[in-house]
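**Q**
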Amino acid sequence: MNKHDFPKIHFYDQDFVDIYNKTWSWVSSLWINPETGEQDSEGLFIYPEKDKLIINQFESIFSTFFLVYSNRNFDACKNIDYFYARQEKSGAIRWKYDVKTNQPVLEKDNKEGVGLPLFAFAEYNLFHKSANKKRIKDVMPALQKYMAWLDDTFKKPNGLYSVPVSASSMTNSPREKVYYPVDFNACMAINASYMSALGDILNDKDISFQYRKMYFSLKTKINSLMWDNNSGFYYDLDKEEKQTKVKTIASYWTMLAEIPNADKADLLVAHLNNPKTFGTEHPFPTLSVDNPNFSEDGNGYCGSVMPAFNFMVIKGLEKYAQYEFARECAIRHLYFVLEGLMPNENKQPGDLFEAYLPNKEGRAKINKKDWARSRYLLTAGLSTIALMIENVIGLSISLPRKTVDWIIPNLEIMGIENLSLKRNLITILSNKSSRGWEIQMESEKLYYFTINILDQKKKTLPIPSGKCSMLIDKL
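Each residue of the sequence shown is one higher than the one before, starting from 198 at the first, in my numbering.
(1) Report the rounded CA-to-CA distance for Thr600 versus Ala459, giving the unit in angstroms.
(2) Specify the secondary structure class of Asp548 as computed by DSSP and reduced to three states.
(3) Relative to the C-alpha of Tyr266, which candidate in Leu315, Phe255, Leu584 and Gln519 has its C-alpha closest?
(4) By Cβ distance, which residues of its chain are closer than 6 Å to Ser390, with the 5 residues on each side in sequence left out?
(5) So, at 6 Å on beta carbons, what are the nonlocal neighbours of Asp397 in its own chain, with the 5 sequence-adjacent residues on each side left out?
(6) Can you give me the Cβ contacts of Tyr449 inside the same chain, cut-off strictly under 6 Å, excluding the 5 residues immediately before and after it?
(7) If you follow the beta strand (DSSP E) that Cys149 is in, where does it begin and where does it stop?
(8) Rounding to the nearest angstrom, what Cα-Cα distance links Ile623 and Phe481 in this structure?
(9) Give every residue of the same chain whose Cβ lies closer than 8 Å to the Cβ of Met452, excluding the five residues on either side of it in the sequence, and list them in chain order.
(10) For Lys654, which of helix, strand or coil comes out of DSSP?
(11) Can you say whether Thr417 is buried or exposed, counting buried as having 16 or more other CB atoms within 10 angstroms of its CB?
(12) Alpha carbon to alpha carbon, how far is Glu437 from Leu227? Give it in angstroms, no decimals.
(13) Could you tell me which uninterrupted beta strand (DSSP E) segments, each at least 3 residues in length, are contained entirely in the segment 573-599, listed from first to last along the chain?
(14) Below 8 Å, how does it come out for the segment 289-299 and the segment 553-567: are there three or more Cβ pairs, yes or no?
(15) Name the residue from Ala527, Ser365, Leu579 and Glu373 whose alpha carbon lies nearest to the alpha carbon of Leu549.
(16) Given that a residue counts as buried once 16 or more other Cβ atoms are within 10 Å of its Cβ, and exposed if not, what is Pro661?
(17) For Thr474, count the other beta carbons within 10 Å of its own beta carbon; 16 or more makes it buried, fewer makes it exposed. Which is it?
(18) For Tyr209, count the other beta carbons within 10 Å of its own beta carbon; 16 or more makes it buried, fewer makes it exposed. Which is it?
(19) Grab me the residues of Lys654's own chain with a C-beta within less than 8 Å of its C-beta, minus the 5 sequence neighbours each way, in chain order.
(20) Which same chain residues end up closer than 7 Å to Asp652 when comparing Cβ atoms and leaving out the 5 residues on each side of it in sequence?
(21) Since Thr417 is in the alpha helix (DSSP H), which residue starts that stretch and which ends it?
(22) Report the residue ranges of all beta strand (DSSP E) runs contained in full by the segment 289-370; include only those spanning at least 3 residues, in chain order.
(23) Around the C-beta of Met539, are 16 or more other C-beta atoms found within 10 angstroms, so that it is buried, or is it exposed?
(24) Run through the DSSP bridge pairs and tell me what Ser571 is partnered with.
(25) Would the beta-carbon of Leu574 fall within 8 Å of that of Thr220?
(26) Contact between the segment 345-365 and the segment 315-332: three or more CB pairs below 8 Å?
(27) Using the Cβ count rule (16 or more neighbours within 10 Å means buried), how would you classify Thr581?
(28) Using CA atoms only, rank isn't needed, just tell me which of Tyr281, Tyr408, Arg409 and Leu434 is closest to Asn420.
(29) For Phe242, write down the residues that DSSP places opposite it in a beta bridge.
(30) So who's on the other strand from Thr445, going by DSSP bridges?
(31) Using a Cβ distance threshold of 8 Å, determine whether the segment 379-386 contacts the segment 359-366, with at least three qualifying pairs required.
(32) Taking Gly396 as part of the alpha helix (DSSP H), name the residues at either end of that continuous run.
(33) Nearest CA to the CA of Val534: which residue from Asn369, Ile636, Asp212 and Ile206?
(34) Would you list the residues sitting across from Gln637 in a DSSP beta bridge?
(35) Would you report the Cα separation of Gly500 and Thr261, rounded to the nearest angstrom?
(36) For the putative contact between Leu250 and Ile277, defined by C-beta atoms under 8 Å, what is the C-beta separation to the nearest angstrom?
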């Protein structure tokens, strides 16, 4: 492992900076050697529980989205490469494995061990943070075989996919009669869209066309069968293709898949602002407030706020240029995460948790008992690192394009220092000087910088190597 300093962030609220730094210092404790069960920087990124060492597809995929910012201190690809290495002849990749035996963990309600299909989504992001085209070429056969297995095993004559609800990881969500889950079908669309994009990167027109066609077919089916105009929401379907009318966070995968048009997206966003559905104090609950099963204790997936699902919703908002609302939700979420670090009313120490309460600070419960796991960094890092860099500070980075976009609603004292873009360290800081708002930059190589102060200014400039600064008023 190459030892570099982690990127430093600057923000006017020092608590945000502190939890970002703490997260990086804690992450190393979850790299475990599968054979010994001991901490090992060359191991796998796993949350150890009692005698079990289980690697989880959903969490492994999502952890890549913050591990890419570690300045190569941690291998963001290590966990997902483990899954590719376990692929079976049929193309199957199972959702969980016991890393001590390398055997899949299959459960009664998910006998095929299928998880949300999002490997291509992760690979596309990894490419833009590493510019490693060879990796895409190497993993593409595994991704294609996996998609073919999902088609052969779960696709029904109506063009939709039927899998157990547990495949979404939403274990006790009240979705009993669901036969066609909206989240799994939306994730198939997401993966197909990114498979097509990976095909474009490889300049393979056949791959690009095959998955683009698959994406549009799914988009059409989801819009025609799962959308309800009266409530402005997408629903799961039962076996007879009737909508179940249970509003869960699962429907917001459709925004990440860019399935709704602008009008439908507006209705979905309205629910995120509506205190009777998903507009709770702590955004966003996993179940709608108006559902009789909604619990103020969270009660698992009956109202808990989960960092991975918040990340998904916020990335979906970005697809519809809802940057300001996305940032506001990220900041509100992070304040609740910070509150969770404080001791609770029973003087129990705080921590970073797997899940939080929807309307007050603290960890989520089941049957009045604490349920959410402590220091659950596999998904908590999405909030304290990825959302911090991408939505609170507002940076969007692409190495192959040599671009850094800074999207902010207004100028504040903030920025990032020593972020490694492969072999290029960059620094971007905004400060107020006697001459007005100034952005100071440092880079080892040329890149293209776009500053987008929402509804005020947007400008793209080539940033040379070395140090430079710009006055916002002069742009």
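From the three backbone atoms N, C-alpha and C, an ideal C-beta is built for every residue, glycine too.
All figures in this text were calculated on a predicted structure; none of them were measured in a lab.
**A** On the basis of the data shown:
(1) 27 Å
(2) coil
(3) Leu584
(4) Tyr412
(5) Ser405
(6) Val510 and Gly513
(7) Residue coverage of the chain in this structure runs from 198 to 672, which leaves residue 149 outside it and unanswerable.
(8) 33 Å
(9) Ala462, Leu465, Val510, Gly513, Leu514, Lys516 and Tyr517
(10) strand
(11) exposed
(12) 44 Å
(13) 592-595
(14) no
(15) Leu579
(16) exposed
(17) buried
(18) exposed
(19) Ile648, Ile669 and Leu672
(20) none
(21) Lys402 to Leu422
(22) 293-295
(23) exposed
(24) Phe550
(25) yes
(26) no
(27) buried
(28) Leu434
(29) Trp228
(30) Leu484
(31) yes
(32) Val379 to Ile398
(33) Asp212
(34) Leu626 and Ser666
(35) 26 Å
(36) Between Ile277 and Leu250 the Cβ distance is about 17 Å, and since that is not below 8 Å, they are no contact.
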